[in-house]
Amino acid sequence: MQDVFAELNERQKEAVMSTEGYVRVVAGPGSGKTKTLTARYVYLVKELGINPSNILCVTFTNKAAQEMKKRIRKTIGEGYDTGLITTYHGFCCRVLKEDINRLYYPNNFIILDEEDQKAVIKEIYEELNLDRRDGTYEEILKYISLRKNNDIRYVKLLSDPGNNFDINDAENLYDKIFKIYLKKQQKIYGLDFNDLINFTIVLFIDFPEILKKWQIRLSYIQVDEFQDSTRKEFWLVEQLNKEHGNLFVVGDPDQTIYEWRGANPQLLVDFDKYFPSCKTVILEQNYRSTPEILKASNSLIKKNKIRIEKEMFTLNNSWIKVIHYHGKDEKDEIKWITERIKYLNENLGVPKKNIAILYRAHYVSRYIEQGLIEAGIDYTIYGGIKFFQRKEIKDVLAYLRLIAYGDDFSFSRVVNQPSRGIGKQKINYLREKAEQEGLSLYEALKKYHTDSVFKSTKATEFIETIQYFKINYRSYAVSELLQDVLKRTGYEEYLRKEGDQERLDNIAELFYSIVSLENNNEEELTLEDYLQQIALYTEADRVDEKDSVKLMTIHVAKGLEFPYVFVCGLSEDIFPSTRSLEERKERALEEERRLAYVAMTRAMKELYLTESEGITRNGLKKYPSRFLFEIEENLLNRIDRLEEELIEETKKYINRNDNTFFSREEIFNEGDTVCHPVFGHGVIEKIDKDNGAYIIRFENIKTPRSISFTYKGLRYINSTVTSSNS
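Count the sequence shown with our numbering and you get residues 135 to 860, in order.
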């Protein structure tokens, strides 16, 4: 432990040695949070003699969990069970594997990722003769997620083997789709990410003895990134902790950027209210950034209200001020960025992989990519198609899943990959047989593959291949099974004939990742274990070491750091996002500011904030983001300074739009030019206070329209008084 403690500052040591009771560690960006968590785990094992199987350590991503396991094993040695260093979903998966049979599900249940869920929705759309006009897949999935998050009683429906999910009493189309979705889930014993948490909660509530078993088992619980926990996740750790009362949470409310999907920073802010005896340790020393970057970041985040007061500082050497560049248009903005990148790379010898360009939303990357291509600068986009969502990886995993489970989704994906002459018509024939006889699609083909319908196909060959593996797969290591499946199914030969080396390389990468898992797994890795583990990895993004500039959204950049960072597209409506403000108002504005804070604190050495004039996607004039004005003026080096007229116009625009989002009173004046999402641009001719409406003459409509004060879609453009004849 002497070596471990030698690397810690006094605050970190205090956190590590606070082992009993409730402890809250507020850890700012770059403050050595992971080092502190790891050291505390080692301290519990080495100094207190606690068995790792009695320590639950929850991290936010599988990548973080693997990194922590690696660090801990280096210190405590091999031979320890570190399986409880995991994510919330990973922990729930472990609980369910032991006791999900109480809810009439087998322990080899299938975990459905987002692509699987979309496949289910696609199937439902085909059965009901629906199309995208009835709702996009994303809208349906959002509805299903909301239903599951708001009411976990559906778990009882799923876990009732006799439930037929009567769709005739559905309240509306979405409710009907939801019930069919549950029915299809139940048929294959599938659980999506929402279900993993919800099933665990129901299991603990309905079977207190199972909860008690885990309460006794877990002497210590520590949670990383606690600010990103949802109320359900908080309930889980609170319940699990009731036997021993040792809960250690680490996080930073200033870095909560997932509130839109349930994260609740208030849980960390009010932790001392939930547990009055709790001890709080604040880690304020930053080891990542320059003083200039930290001062600018501190200046911005202080504008938020939902936070715990802290002042990040560093002993790192001073460097250049944070630079703000204002471009006359997008071409000008990206030209300045590419010139700066070339200067850093060619004149100062900075590797391109040390440079990151961050943005609020994927669509912002369009002009950035265009500029980088024209400048001949190599770049890599992260967070686009994730590794485990690539077609060839999904295909191969579907083969493995079909062998283990025989489910319809996997079957539909691979039965004609490579082509076996089994098209849509033949699949529909199979689906009818399966429905009539209560079979899976694979079982239906196994029964009817000799029918005349399949005469000119390779159905028999396919069945024989899959049956061979179903009988023998347990005698293979998973990596060996993968190789044999690729060979016997013809999938590898198919890719070679296509000449797609990149896809073959990706499959080779999958093979090596399985070998690595087999070597590091404390127990023999079964196919079922692997498929459940890998389903939990679909959220993780991979970052390689190719020497190219890294492009990514700020959400993808969370947890990463780069010597040189450009934060682009800092314009109102883009960042902060109009869409977010419309949906969640003041809460969204605080989260958008936290997002900017996270972006800025990714930078180690130099930070550049850029934006430009022009027109937004909504056809509105672009204004610089409010965040550029919320940073103290003396902390920024403004290149190509903003004109005073534009600054004043921007402040008015922000003020009017804030009133639109955050108020339901009269906020516009006569003569103001506004934009309506349907009617376009118009001028307010009159304010009808009696009826609470604006009388607006729109450019492309013959007569004026009366628009209510309460309507939130109007956007302020400018206050130039225009005659009613304009």
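Each residue gets a CB set at the ideal place from its N, CA and C atoms; glycine is no exception. All figures in this text were calculated on a predicted structure; none of them were measured in a lab.
How is the beta strand (DSSP E) around residue i delimited, first residue to last?
i      : result
Phe700 : Phe696 to Val701
Ile184 : Ile184 -> no beta strand (DSSP E), and no H or E assigned at all.
Provide the residue(s) that pair with residue i in DSSP beta bridges, ordered along the chain.
i      : result
Glu740 : Tyr698
Met686 : Leu492
Tyr501 : Per DSSP, none; premise fails for Tyr501.
Asn803 : Beta-bridge pairing links Asn803 to no other residue.
Tyr354 : Ile189
Leu770 : Val456
Pro758 : Ser705
Tyr222 : DSSP output for Tyr222 lists no bridge partner at all.
Tyr513 : Val683
Ser746 : Gly461
Ile245 : Leu325
Residue j and residue i - do their beta-carbons sit closer together than 7 Å?
i      : j      : result
Phe795 : Gly816 : no
Trp453 : Thr414 : no
Lys444 : Ile427 : no
Leu307 : Ser363 : no
Phe761 : Ala730 : yes
Leu723 : Met734 : no
Glu154 : Asn380 : yes
Phe545 : Leu575 : yes
Ser353 : Ile765 : no
Ser840 : Ile829 : yes
Tyr315 : Val371 : no
Ile355 : Leu190 : yes
Ile184 : Leu492 : no
Ile322 : Asp541 : yes
Ile511 : Val683 : yes
Asp529 : Gln551 : yes
Ile391 : Val732 : yes
His460 : Asp707 : no
Lys462 : Glu782 : no
Ile801 : Asn793 : yes
Glu862 : Tyr156 : In the structure displayed, the chain extends from 135 to 860; residue 862 sits before or after that span and is not available.
Asn143 : Gln419 : yes
Asp247 : Ala538 : no
Ile245 : Gln666 : yes
Val649 : Ser609 : no
Along the chain, where does the alpha helix (DSSP H) that runs through residue i open and close?
i      : result
Val198 : Contrary to the premise, residue 198 reads as Ala rather than Val in this sequence. Here the alpha helix (DSSP H) through Ala198 covers Asn196 to Ile210.
Leu715 : Thr712 to Met734
Val150 : Glu144 to Met151
Leu291 : Tyr288 to Leu292
Arg107 : Because residue 107 is not part of the residues shown, which for the chain are 135 to 860, the question remains open.
Ile475 : Glu464 to Lys476
Ser279 : Tyr271 to Asn284
Leu171 : Lys167 to Lys180
Asn562 : Lys558 to Glu571
Lys366 : Arg365 to Leu374
Gln136 : Gln136 to Ala140
Asp663 : Leu661 to Leu670
Give a yes or no on whether the minimum CB-CB distance between residue i and chain D is below 7 Å.
i      : result
Glu658 : Within the model displayed, chain D is absent; a lone protein chain is all it includes.
Open item on the list: Would the stretch 443-462 count as touching the stretch 643-651 if we require 3 or more Cβ pairs under 8 Å?
Closed with: no
- [ ] Note down, one range per segment and in chain order, each beta strand (DSSP E) of at least 3 residues found wholly within the stretch 377-462.
- [x] 381-385, 413-417 and 456-461
Open item on the list: Suppose only complete runs of 4+ residues qualify. What are the alpha helix (DSSP H) ranges in the stretch 518-552, listed by chain order?
Closed with: 525-539 and 542-548
Task: Ranges of the alpha helix (DSSP H) found wholly within the stretch 576-638, counting only runs of at least 4 - done: 593-606, 612-622 and 625-632
Task: At least three beta-carbon pairs within less than 8 Å, the stretch 701-712 to the stretch 476-484 - done: no
TODO: Only counting runs of 4 or more residues, tell me where the alpha helix (DSSP H) segments fall wholly within the stretch 298-345, in order along the chain.
DONE: 307-322 and 327-340
Task: Any beta strand (DSSP E) of 3 or more consecutive residues that is wholly inside the stretch 807-854 - done: 807-810, 814-822, 827-832, 839-842 and 849-852
- [ ] Would you check if the stretch 295-306 and the stretch 325-345 touch, i.e. whether three or more CB-CB distances between them fall below 8 Å?
- [x] no
TODO: Evaluate contact between the stretch 232-246 and the stretch 199-209, counting only Cβ atoms and requiring at least three cross-stretch pairs below 8 Å.
DONE: no
Open item on the list: So, does the stretch 583-603 touch the stretch 560-571, judging by three or more C-beta pairs under 8 Å?
Closed with: yes
Open item on the list: I'd like to know if the stretch 659-670 and the stretch 623-635 are in contact, where contact means that at least 3 CB-CB pairs between them fall below 8 Å.
Closed with: no
Open item on the list: Contact between the stretch 500-511 and the stretch 606-623 is defined here as three or more beta-carbon pairs at a separation below 8 Å; is this criterion met?
Closed with: no
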